[in-house]
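**Q** Numbering (the numbering used here), first residue to last: 17 to 449.
All residues carry an ideal CB built from backbone N, CA and C; glycine is no exception.
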Amino acid sequence: MIEQVLERARARGAAADALLRDTTVLSLTFESGRLKGSGLSQEAGLNLRVVASGRLGVAGSTDLSQADDVVARAFASAAEGETVALAMPGASPMPEVATFDDRAAGMSVDDLAAIGRSVIARLTRPGWQVNASVERHVEQARFGNSAGQTHAQRGTAITVSADVTRVAGDDVLMAYDAVATTGVPDAAELDRIVNTIVTKMERGATIVDAPSGRLPVLFTPEGLAAVLMPVRQALSGKSVLQGISPLGGKVGESLFDTALSLRDEPLMERRVASRAADDEGVVSRRLSLIERGVVTAFVYDLETAARAGATPTGHGSRSTFGKPGISFSNLVIDPGALDEAALLAEVGDGLIVDELIGVGQGNVSSGSFSHPVALAWRVDGGQITGRVKDAAVAGNAFELLKQIKAIGRDAKWLGGTRLVPPMVLDGVSVAGR
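(1) What's the gap between the Cα of F385 and the Cα of F272?
(2) From this set, G185, R170, V135, K418, which residue's C-alpha is nearest D202's C-alpha?
(3) Below 6 angstroms CB to CB, which residues in the same chain sit around E307 once its five sequence neighbours on both sides are set aside?
(4) Would you check if there are 3 or more beta carbon pairs closer than 8 angstroms linking the segment 113-123 to the segment 48-55?
(5) How should F159 be labelled, buried or exposed, when 16 other C-beta atoms within 10 angstroms of its C-beta is the threshold for buried?
(6) Kindly indicate the opening and closing residues of the beta strand (DSSP E) around G325.
(7) Just grab the DSSP bridge partners of A178 for me.
(8) Go ahead and pull the three-state DSSP assignment for Q419.
(9) Going by DSSP in three states, Q258 sits in which element: helix, strand or coil?
(10) Can you check whether the CB of S162 is closer than 7 angstroms to the CB of A31?
(11) Comparing C-alpha positions only, which one of E371, R323, F91 sits nearest to D193?
(12) Let me check understanding here. Comparing Cα to Cα, which of A168, V100, D179, T166 lies closest to R138?
(13) Could you round the C-beta distance between F344 and G383 to whole angstroms and report it? I think they count as a contact, below 8 angstroms.
(14) Output the distance between the C-alpha atoms of T401 and A241, rounded to the nearest integer angstrom.
(15) Could you give the distance in angstroms between the alpha-carbon of A129 and the alpha-carbon of L36?
(16) By Cβ distance, which residues of its chain are closer than 7 angstroms to R452, with the 5 residues on each side in sequence left out?
(17) Using beta-carbon positions only, say whether V315 and G253 come within less than 7 angstroms of one another.
(18) Tell me which same chain residues have a C-beta within less than 6 angstroms of the C-beta of P105, skipping the five on either side of it?
(19) Under a Cβ-count criterion, where at least 16 other Cβ atoms within 10 Å of its own Cβ denotes burial, should E23 be classed as buried or exposed?
(20) Let's test the definition: count the other Cβ atoms within 10 Å of the Cβ of R301 and tell me whether it reaches 16, buried, or not, exposed.
(21) Please list the segments of the beta strand (DSSP E) lying wholly inside the segment 357-387, counting only runs of 3 or more residues, in order along the chain.
(22) In the DSSP assignment, find the unbroken alpha helix (DSSP H) run with M245 in it and report its ends.
(23) In its own chain, which residues sit with a C-beta less than 7 angstroms from the C-beta of Q249, not counting the 5 before and 5 after it?
(24) Which same chain residues, not among the five before or five after A1, have their C-beta less than 6 angstroms away from its C-beta?
(25) Roughly how many whole angstroms lie between the Cα atoms of L367 and A392?
(26) Specify the secondary structure class of S77 as computed by DSSP and reduced to three states.
(27) Count the other CB atoms, across all protein chains shown, that sit within 10 Å of the CB of A83; report buried if there are 16 or more and exposed otherwise.
(28) I need the DSSP call for E269, collapsed to helix, strand or coil.
(29) Strictly by DSSP, which residues pair up with Q58?
(30) So, helix, strand or coil for T215, using DSSP?
(31) Hey, how far is the Cα of G332 from the Cα of E319?
(32) Taking contact to mean at least 3 C-beta pairs separated by less than 8 angstroms, is the segment 428-436 in contact with the segment 277-294?
(33) Smallest Cα separation from V243: which of V436, S177, G70, V214?
(34) Check L165 in the structure and name its three-state DSSP category.
(35) From V389 to G239, what distance separates their C-alpha atoms?
(36) Would a C-beta distance cut-off of 7 angstroms place L359 and V440 closer than the cut-off?
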């Protein structure tokens, strides 16, 4: 169908590109230790973009028999669309990157159920409610454009997650962990889920008073979300183009601690966000975004690059409906050398933050955050003394990352797409409620 819609667009004098994606998802859910249900979904969809008389139009459809209708709607969209000088990439060789695993693609309901039950069995304790989910994702995508660029990619993902809830009087303690990989999770990865949850639950058994003041805080990889989200948004070429990125126009400037290095790695083997090319046909490449505290690049899709007069970086992403947007692939923060004991020593007297409430709400672009804790522990004399409730943390991500106290060595994949180490940041405002 891609060839059909591209030919029809060319016949009408337009440049065009199209992505056809076919996705199958098999999912199992367990509640209170028992299999609750399973589901199988399959969707194939085509997204077509045309540039007609300099104007941009987009249409999508899950009915792959209606090529003429998709083309007609794309041109109707272009008639009212914005003007943009979009330069589509020409034919070029693709790098090789492993994103498909035959064993993962062939996992049956029984196979997935066995994984879920094994995790649940190891988490089962008196008074613990254990839930889990296991999902198999198989995808095939084909891309083509009127400039001659084509590519095809297959991908698999197995995601395993588990959470535990313990209710004691009016106290509710919850802990969660997950793994996502292109292949079948191995024993070590499943061990990590179990051990992480058990450790969180055991450390949360004792409740202590929250400290207060401007304190050193150890953010776990999960806890760093509130700090890293503004940075990710600021590195988007769209935010720069809109004038809302605090980093805009500052490539080459040292704006963070020299311990911080961040890059986008789309060619990593067997990662769920890896790709030989993005959804607009731009060939993938490693991209350094922050190097030893210095801002080195922003990420662009074709449209934002055209409007900003920048070079597209291979970060275009598209769904069946709507125009493409910007998406990172595998974001990697360089780890440090310290283990947990050494990180706790760096904290001294302060807090460990593992989960916050309301991350992503408010004015993310400014970098300021203020959130109640969902899961946090008190550190006293370099030792964990218990779980803290009714506390909140606040600060500004861009300011806190200028003086990083320490970075840990035990980096963790979050959502299968972000490799994040634990990090101690100083001067975080902590208050009891």
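**A** Result, derived from the coordinates:
(1) Sequence index remark: in the sequence shown, residue 385 carries index 369 (1-based). Sequence index remark: in the sequence shown, residue 272 carries index 256 (1-based). Going from the Cα of F385 to the Cα of F272 covers about 18 angstroms.
(2) By 1-based counting over the sequence shown, the position of residue 202 is 186. Looking at the Cα atoms, V135 is the closest of the given residues.
(3) Here residue 307 is taken as the residue at index 291 of the sequence shown, counted from 1. Cβ neighbours of E307 beyond the five flanking positions: S277.
(4) no
(5) To locate residue 159, count along the sequence shown from 1; it is residue 143. Using a 10 angstroms sphere on the CB of F159, the tally of other CB atoms reaches 16 or more, which defines it as buried.
(6) Here residue 325 refers to the residue found at position 309 of the sequence shown. Element bounds for G325: n/a, residue is neither H nor E.
(7) Numbered from its first residue, the sequence shown carries residue 178 at position 162. DSSP lists A148, D193 as partners of A178.
(8) Translated into positions along the sequence shown, residue 419 becomes position 403. Q419 falls in the coil class under three-state DSSP.
(9) Mapped onto the sequence shown, residue 258 falls at position 242. In the structure shown, Q258 sits in a helix (DSSP, three-state: H, G or I).
(10) Along the sequence shown, one-based indexing puts residue 31 at 15. Along the sequence shown, one-based indexing puts residue 162 at 146. In contact: A31 and S162 (Cβ atoms closer than 7 angstroms).
(11) Taking the first residue of the sequence shown as position 1, residue 193 is located at position 177. Cα-wise, what sits closest to D193 is E371.
(12) Position 122 of the sequence shown, counted from the first residue, corresponds to residue 138. Comparing Cα-Cα distances from R138 to each of A168, V100, D179, T166, the minimum goes to D179.
(13) What you label residue 344 is simply residue 328 of the sequence shown in a count that begins at 1. What you label residue 383 is simply residue 367 of the sequence shown in a count that begins at 1. Wrong, their Cβ atoms sit about 18 angstroms apart, outside the cutoff.
(14) As a first step, residue 401 is located in the sequence shown; it is residue number 385 there, counting from the start. As a first step, residue 241 is located in the sequence shown; it is residue number 225 there, counting from the start. Their Cα atoms are separated by approximately 24 angstroms.
(15) Here the question's residue 129 lines up with position 113 in the sequence shown. Here the question's residue 36 lines up with position 20 in the sequence shown. Their Cα atoms are separated by approximately 31 angstroms.
(16) Outside the shown range of the chain (17 to 449) lies residue 452, about which nothing can therefore be said.
(17) In the sequence shown, counting from the first residue as 1, residue 315 sits at position 299. In the sequence shown, counting from the first residue as 1, residue 253 sits at position 237. Yes, these two residues count as a Cβ contact at 7 angstroms.
(18) On the sequence shown, position 89 is the one that residue 105 refers to. For P105, where only same-chain residues beyond five positions count, the Cβ hits under 6 angstroms are Q165, G297, V298.
(19) Reading the sequence shown from its first residue, position 7 is the one you call residue 23. E23 is exposed by the Cβ-count criterion.
(20) Counted from its first residue, the sequence shown places residue 301 at position 285. R301 should be labelled exposed.
(21) 366-372
(22) The residue you call residue 245 lines up with position 229 of the sequence shown. Looking at the DSSP string, the run of the alpha helix (DSSP H) that includes M245 is 241-250.
(23) Position 233 of the sequence shown, counted from the start, is the residue given in the question as residue 249. Here the set comprises S255, V380, S381.
(24) Coverage of the chain is limited to positions 17 through 449, which leaves residue 1 absent and any answer about it impossible.
(25) Sequence index remark: in the sequence shown, residue 367 carries index 351 (1-based). Sequence index remark: in the sequence shown, residue 392 carries index 376 (1-based). Computed Cα separation, rounded: 7 angstroms.
(26) As a working mapping, residue 77 is identified with position 61 in the sequence shown. Strand, per DSSP.
(27) As a first step, residue 83 is located in the sequence shown; it is residue number 67 there, counting from the start. Buried, by the Cβ-count rule.
(28) Taking the first residue of the sequence shown as 1, we reach residue 269 at position 253. Residue state, collapsed to three classes: coil.
(29) Walking along the sequence shown from the start, residue 58 turns up at place 42. T40, per the DSSP bridge assignment.
(30) Start at 1 with the first residue of the sequence shown, and residue 215 comes out as number 199. In this structure, T215 counts as helix in the three-state DSSP scheme.
(31) As a position in the sequence shown, residue 332 is number 316, starting the count at 1. As a position in the sequence shown, residue 319 is number 303, starting the count at 1. Looking at the two C-alpha atoms, the distance is approximately 9 angstroms.
(32) yes
(33) As a position in the sequence shown, residue 243 is number 227, starting the count at 1. Among V436, S177, G70, V214, the Cα nearest to that of V243 belongs to V436.
(34) Residue 165 sits at position 149 when you count from the first residue of the sequence shown. In the sequence as presented, Leu is not what sits at residue 165; that position holds Gln. Coil.
(35) Here residue 389 refers to the residue found at position 373 of the sequence shown. Here residue 239 refers to the residue found at position 223 of the sequence shown. Computed Cα separation, rounded: 9 angstroms.
(36) For the purposes of this step, residue 359 is taken as the residue at position 343 of the sequence shown. For the purposes of this step, residue 440 is taken as the residue at position 424 of the sequence shown. Result yes, Cβ atoms of L359 and V440 sit closer than 7 angstroms.
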